[in-house]
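Counting with the numbering used here, you get residues 76 to 359 for the letters of the sequence shown. Backbone N, C-alpha and C fix where the C-beta goes; we use that ideal spot for every residue, glycine too. Below is one structure, written out as structure tokens, with a few remarks after it.
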Amino acid sequence: MKDIILNMIENKRFTKNDSGFVCLNCQREVGPLLYSSRNHCPYCLHSLHLDLEPGDRKNLCGGILKPILAEPSSVSKNTYTITFRCEKCGEKIRNRSAADDDTDLLIWFTTGEKQKRYEINIDSRLKKISEFICGNIVADIGSDHAYLPIWLVKHKKISKAYAIDISENCIKKIKTNLKKYGISEDIIVPVCSDGFLDFEYEIDEITDILIAGMGGETIAKIIENIKSAHDIKNLNFILQPNSKIESLKKYLTENNIEIKNISTTEHKKRSYTIINAKKSGDKT
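Next up, the structure:
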């Protein structure tokens, strides 16, 4: 009864505002809700801190409201109360779920423990790799779970990525993680391909190619396949071979791909070599 009374009071302060929008978090286009006001994105559950009273759009904060908890409603079946925290001012806001909200994501937010997993962290090896990115659009070959592209997008270091993997199981994991972290497949595009052999997108927009966690000879083969079909002179390569490092360095040198930097980093007592390279001008 208390919840019903509170809802009645809230409804008196309610201003209907059901315009669509493009979500600033996942970049998806969201249409009007029709039966009530659209409060948040149904895909990633994020919102904006725009209201002093529901629907009035009079709050000057404008920060992104991040979902931190979803609680099943005691009043309405299949409805949740979502708690948001503003990333700008820190205020907590509560609102009801919508009929088209992602149910799996709502259930996922029903325990506080899930919120920890919502924040993505990457290890020192991947962070070191990220330091050599020079552009905005990345192709991550052998992406596995797409942890690095997700981290890069979340930290606004890139605007788009192609998460490429030969394994269909890995593509499924990538899609699951994109949903989990609220990122559109238009922002990080999952691609099932052996390197660029089955890549059907425009390579001209790509600025950086990441190939990590493979043997040096395998990395060289992937670059050779790219080189045979595309002009690679504007591509920035960030390579982390697990073995055959000298073989990879030899391949790069013989193919006039200049090694700009060689760095090492450690993770879990293991040393990793990271090579940053770019195609040189043709030798005369």
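Burial state of residue i, where buried means 16 or more other Cβ atoms lie within 10 Å
{"i": "residue 266", "result": "buried"}
{"i": "residue 122", "result": "buried"}
{"i": "residue 106", "result": "exposed"}
{"i": "residue 110", "result": "exposed"}
{"i": "residue 200", "result": "buried"}
{"i": "residue 180", "result": "buried"}
{"i": "residue 115", "result": "buried"}
{"i": "residue 303", "result": "exposed"}
{"i": "residue 38", "result": "With the chain running from 76 to 359 in the structure shown, residue 38 is simply not present."}
{"i": "residue 101", "result": "buried"}
{"i": "residue 291", "result": "buried"}
Coil, strand or helix - residue i by DSSP
{"i": "residue 279", "result": "helix"}
{"i": "residue 285", "result": "strand"}
{"i": "residue 240", "result": "strand"}
{"i": "residue 192", "result": "Because the pLDDT of residue 192 is 47, which lies under 50, any placement of that residue in the model is unreliable, and the question is left without a value."}
{"i": "residue 304", "result": "helix"}
{"i": "residue 291", "result": "helix"}
{"i": "residue 318", "result": "strand"}
{"i": "residue 267", "result": "strand"}
{"i": "residue 224", "result": "helix"}
{"i": "residue 215", "result": "strand"}
{"i": "residue 155", "result": "strand"}
{"i": "residue 146", "result": "strand"}
{"i": "residue 235", "result": "strand"}
{"i": "residue 83", "result": "At residue 83 the pLDDT is 40, less than 50, meaning the model places this residue with poor confidence; the figure from the coordinates comes in the next sentence. Of the three classes helix, strand and coil, the one that applies to residue 83 here is helix, per DSSP."}
Candidates the options: closest to residue i by CA position
{"i": "residue 313", "options": "163, 144, 231 and 223", "result": "223"}
{"i": "residue 117", "options": "152, 91 and 171", "result": "171"}
{"i": "residue 349", "options": "287, 301, 293 and 309", "result": "287"}
{"i": "residue 94", "options": "108, 100, 205 and 101", "result": "108"}
{"i": "residue 135", "options": "141, 126, 142 and 143", "result": "126"}
{"i": "residue 296", "options": "281, 282, 162 and 325", "result": "325"}
{"i": "residue 103", "options": "205, 244, 263 and 160", "result": "263"}
{"i": "residue 308", "options": "316, 315, 291 and 330", "result": "330"}
{"i": "residue 244", "options": "147, 235, 227 and 219", "result": "219"}
{"i": "residue 310", "options": "214, 247 and 249", "result": "214"}
{"i": "residue 345", "options": "143, 269 and 316", "result": "316"}
{"i": "residue 225", "options": "178, 148, 242 and 197", "result": "197"}
{"i": "residue 299", "options": "279, 282 and 270", "result": "270"}
{"i": "residue 285", "options": "208, 235, 341 and 148", "result": "208"}
{"i": "residue 221", "options": "176, 283, 237 and 174", "result": "237"}
{"i": "residue 281", "options": "305, 293 and 294", "result": "305"}
{"i": "residue 98", "options": "249, 354, 120 and 112", "result": "120"}
{"i": "residue 231", "options": "211, 248, 242 and 249", "result": "211"}
{"i": "residue 162", "options": "138, 169 and 149", "result": "138"}
Those residues which DSSP pairs with residue i across a bridge
{"i": "residue 107", "result": "According to DSSP, residue 107 bridges with nothing at all."}
{"i": "residue 345", "result": "342"}
{"i": "residue 160", "result": "141 and 167"}
{"i": "residue 352", "result": "312 and 334"}
{"i": "residue 122", "result": "140"}
{"i": "residue 274", "result": "Bridge partners of residue 274: none, in fact."}
{"i": "residue 207", "result": "Answer is none; residue 207 lacks a bridge partner."}
{"i": "residue 184", "result": "Residue 184 is not bridged to any residue."}
Cutoff 7 Å: residue i Cβ touching any chain C Cβ
{"i": "residue 305", "result": "Among the chains of the structure shown, chain C does not appear; only one protein chain is present."}
Pair every Cβ in the region 261-277 with every Cβ in the region 313-327, then say whether three or more of these pairs are closer than 8 Å. No: the two stretches stay apart, fewer than three of their Cβ pairs being nearer than 8 Å.
Quick check: the region 252-259 against the region 330-340, are there 3 or more CB pairs under 8 Å? No: fewer than three Cβ pairs fall under 8 Å.
Is there contact between the region 126-135 and the region 151-159, where contact requires at least three CB pairs shorter than 8 Å? Too few Cβ pairs lie closer than 8 Å, so no.
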